[in-house]
Structure formats: structure tokens, C-alpha cells
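One rule links them: number in my numbering = place in the sequence shown (from 1) + 2. Below: one structure, written as C-alpha cells.
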Amino acid sequence: MPQHTPLAFTRTQSTRPTPLAERKAVLENPGFGKYYSDHMVAIDWDAEQGWHGARGKPYAPLTLDPASLVLHYAQAVFEGLKAYRHADGSIWTFRPDVNAKRFSDSAERLGLPELPHDVFIQSLKELVQLDGDWVPSAIESSLYLRPFMIANENSLSVRGADQVAYYVIGSPAGPYFSSGVTPVPIWVSTQRTRAARGGTGYAKCAGNYAGSLAPLKEARKNGCPQVLFLDSEHGQYLEELGGMNIFIVQQDGNLVTPALSDSILPGVTRASVIELARAEGRTVQERPISLTEVRDGLASRQITELFACGTAALIFPISALKSEAFSYGHDSAAAGPVTLALRKQLLDIQYGKTTDTRNWMLRLA
Ligand SMILES: *Cc1c(COP(=O)(O)O)cnc(C)c1O
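Shown next, in the form of C-alpha cells:
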């Protein structure tokens, strides 16, 4: 990595911030990914100077040359984490060091420069210090932070860019489940996979998402809000959803989740669920899970709960796995006790309602 010294951020306040009444209305019902806060962070990189020009500034459209590498070869990576308001008004985020490390790993895989981890953390602080007013205070609400890096060099030649830009934007987010945590059916993509051995599956890159969108359309057509992908080699083992990892809960209260590989994204929520579950004495196996195991386990009630997890939805109970050829589980299943208990433990840590014994929370403002 080129530099570890903190970059000095220059700061330009918006001269036309969103009027208070409008912001309040947005924060009362933000939904997800619909509104953006008044500012953003930008940092430039080129092969000669390294990272430079760190700045907090008014939120504004980017100007990109039509020949920008990112538009043609998808040299782009991103992160997703949240800023949570605690009861005393302070603003915190959850395990940003893990996101910083993953952002570096993703960048490396995509041939992009690595952003020093301290600069990543500083960039989150900069945005939240400018836009603290955009962090909602209702439970399960947050300011979703989206750091991302793109190759903005003008070139159609196929190679890693010598010029890139890093940005952070913020989008207020309401509770994912507005009317109670209700299990949802998931569509299993039996023909199309999202990642293969040696590929980019473990990197949080734009291209992985692009590849998941046609299967997602198919899922929605079949009444499922999310897709589960299988392994590309056998078409038999559970990998993960388009943007969430998956767990099964067994009758004995123990958990199983697919082992990480280069085709599965290492979720911060996944790692945290594993740690919390083990701390309360549950066994958590990380190993291959076949579709057959899930089918038989659900039928015999050896498997009692299924859930997905990721920053946006936190923990997302699954009622059934469906495809053209099968349907395992029951549409009507209520969220299971283990799923709900793990979800509550995480929420309590994130919203400062319990002691953060693992030092997972970092204060941003
Ligand atoms: C972001 C993401 C996840 C979840 O990761 P978290 O760090 O828990 O938010 C899982 N799978 C994929 C493919 C992702 O992009």
C-alpha cells in the first residue's frame, strides 16, 4: 500500500442543503436507497501521485468521459455499512475495520489501487460529520454508507486504470421489515450461478451484481424477493444470495453455513453471527450444504430455521426455497426463535442498547 499517513480532508459545505422540513419528512419514511444526504466524500488516485485531493463536498453528479474505463470494463468495487444513532445522539458504525480490509481485497482482485484502511475510516467520519443530521433516530433506521471506487481514466484499452476515484455517499434507510420480521420465500437459481472458482465472487464488485440481476428478475416474476445461488461446479451446494449469506438452524439449535471460498463473499454480518452464536454455546459448522440436505432436513424437521444475513436487511428469515422444479419449506412459516434472538443481539449492539464487549462499534460523530 502506497501510504499510511492520514490524508487531510478539505471541506466545502453545501450552500443549498435540503430544507429542514423536507429532510424531516424523508427521515420519517426513508425506505432504502431512495434519498441521499447533502454531502459526499471524494478522493482521487493516479499512478504518479497516489491518493490525493481528499474532500468533503456537496452531493453532486459526477462528470465522466464516455470513454471512462469503468463504463466499459466494470472496474468498480464498493462497500456497504451503516451509521447508527444511539440514544444519547452520538453516531456509530459497526466493524468498519472489516469493511476497510474487504475493500482492499476487492480492489486488489479488480486491479484497482488499495485505499489505506485509515483513510477508509476517515472518509466515513468526514461524511457523517458533514451529514450527521441525516442519521435517523428511529430503531432499525440508519444512514446507509456506500463507499465505492471506479476507474475513471479515459481509455478503451483493456488494462488496470492509472486513474481512479473513490467516493462515499450516504442514503437514509428505514427498517427493512416495516411490518414485522416476516419470513420470505427465496428463488433458487438452478441454471445461472453468480460466481465460479478463481473468479470474483469474494470481491464486492459491481460486475457480480450485474450477473445476479437476470436471475433476480426471474425470482421476482415467481413471487420471491431474493435469489439463492448454487455452486458452479456441481450445481448442488448452497452458496449465497445476490447480496446476503445464508445459514441453516438445526433442531439442536446449532448452525451451519457454507464455508467461505473464492466464490462466496465474506459478510461482516456472517462473521458476527458466527461469533455471537459460538459465544452462547452453539456449534457453528462452516461446510458445504447441499440442496438435498436442505430438502430432507426441512421435511424431517432436522432443519428448523433458515435465514440470510447482510448489512442492509441484517437478518432475513427464509420461509421456503423454490424453483421451477421444487418448493421446500412452507410459505407461512413464522420467523424462528434462533433467527430472532441473533437478530436482536446484533441490533442491541449496533444501537448501543447493550455493552459492546467486542469493541465492534466505532464512534463517527
Ligand atoms: C455485501 C454482500 C454480503 C453481505 O455482507 P455484509 O458485510 O454482511 O453486509 C453477502 N453477499 C454478497 C454477495 C455481498 O455483496
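A virtual CB, placed ideally from N, CA and C, is assigned to each residue, including glycine.
With 16 other Cβ atoms within 10 Å as the buried cut-off, status of residue i
| i | result |
| --- | --- |
| G200 | exposed |
| V72 | buried |
| P63 | exposed |
| E81 | buried |
| Q77 | buried |
| D233 | buried |
| E155 | buried |
| P21 | exposed |
| N361 | exposed |
| Q352 | buried |
| G35 | exposed |
| R365 | exposed |
| F249 | buried |
| K324 | buried |
| A315 | buried |
| T17 | exposed |
| P339 | exposed |
| L240 | buried |
| F328 | exposed |
| I320 | buried |
| G33 | exposed |
| S39 | buried |
| P4 | With a pLDDT of 49 at P4, under the threshold of 50, the modelled position of that residue is not reliable, and no figure is offered here. |
| S181 | exposed |
| I141 | exposed |
| A279 | buried |
| S106 | buried |
Under 8 angstroms between C-beta atoms of residue i and residue j
| i | j | result |
| --- | --- | --- |
| G203 | A212 | no |
| G331 | A322 | yes |
| V79 | S125 | no |
| G176 | W136 | no |
| P227 | Y37 | no |
| W47 | P115 | yes |
| S243 | L230 | Residue identity differs from the one stated: residue 243 is Leu in this sequence, not Ser. Yes, these two residues count as a Cβ contact at 8 angstroms. |
| Y178 | K84 | no |
| S144 | Y61 | no |
| M246 | F318 | yes |
| A44 | Y169 | yes |
| R13 | G58 | yes |
| R97 | S274 | yes |
| N31 | V270 | no |
| L342 | V166 | no |
Residue i in three-state terms, based on DSSP
| i | result |
| --- | --- |
| G255 | coil |
| H41 | strand |
| Q238 | coil |
| F328 | coil |
| L73 | helix |
| Q156 | The residue you asked about is not Gln; residue 156 is Asn in the sequence shown. Three-state result, N156: strand. |
| W362 | coil |
| P4 | Bear in mind that a pLDDT of 49 at P4, under 50, signals an unreliable position, so the number given afterwards is only what the model happens to contain. In the structure shown, P4 sits in coil (DSSP, three-state: anything other than H, G, I, E or B). |
| R13 | strand |
| R18 | coil |
| D298 | helix |
| A368 | The structure shown does not extend to residue 368, since the chain spans only 3 to 367, so no value can be given for it. |
| I123 | helix |
| D164 | coil |
| P98 | helix |
| F34 | coil |
| L1 | In this structure the chain extends from 3 to 367, so residue 1 is not present and cannot be described. |
| F150 | strand |
| S106 | helix |
| E288 | strand |
| D350 | helix |
| Q304 | coil |
| A175 | strand |
| R194 | coil |
| V137 | coil |
| G213 | helix |
| R199 | coil |
| K355 | coil |
| I93 | strand |
| V79 | strand |
| A273 | helix |
Minimum Cβ-Cβ distance from residue i to chain C less than 8 angstroms
| i | result |
| --- | --- |
| S329 | Reference to chain C is not applicable here, since this structure consists of a single protein chain. |
Heavy atom of ligand 2 within 7 angstroms of residue i beta-carbon
| i | result |
| --- | --- |
| G244 | In terms of ligand content, the structure shown lacks ligand 2 and carries ligand 1 instead. |
Give a yes or no on contact between the stretch 186-195 and the stretch 309-328, applying the rule of three or more CB pairs nearer than 8 angstroms. Taking one beta carbon from each stretch, the stretch 186-195 and the stretch 309-328 have 3 or more pairs nearer than 8 angstroms; the two touch.
Looking at C-beta atoms only, is the number of pairs between the stretch 117-132 and the stretch 86-104 that lie closer than 8 angstroms three or more? Under the Cβ criterion (8 angstroms, minimum of three pairs), the stretch 117-132 counts as touching the stretch 86-104.
Pairing CB atoms from the stretch 287-306 with CB atoms from the stretch 250-269, are three or more of them under 8 angstroms? Taking a cut-off of 8 angstroms on C-beta distances, the stretch 287-306 touches the stretch 250-269, as three or more cross pairs fall below it.
Any chance the stretch 296-307 sits against the stretch 141-156, with 3 or more Cβ pairs inside 8 angstroms? No: the two stretches stay apart, fewer than three of their Cβ pairs being nearer than 8 angstroms.
Any chance the stretch 233-242 sits against the stretch 205-219, with 3 or more Cβ pairs inside 8 angstroms? Contact annotation: the stretch 233-242 does not touch the stretch 205-219, with fewer than three C-beta pairs closer than 8 angstroms.
Would you be able to state if there are at least three C-beta pairs under 8 angstroms between the stretch 273-284 and the stretch 157-169? Contact between the stretch 157-169 and the stretch 273-284 is not established, with fewer than three Cβ pairs separated by less than 8 angstroms.
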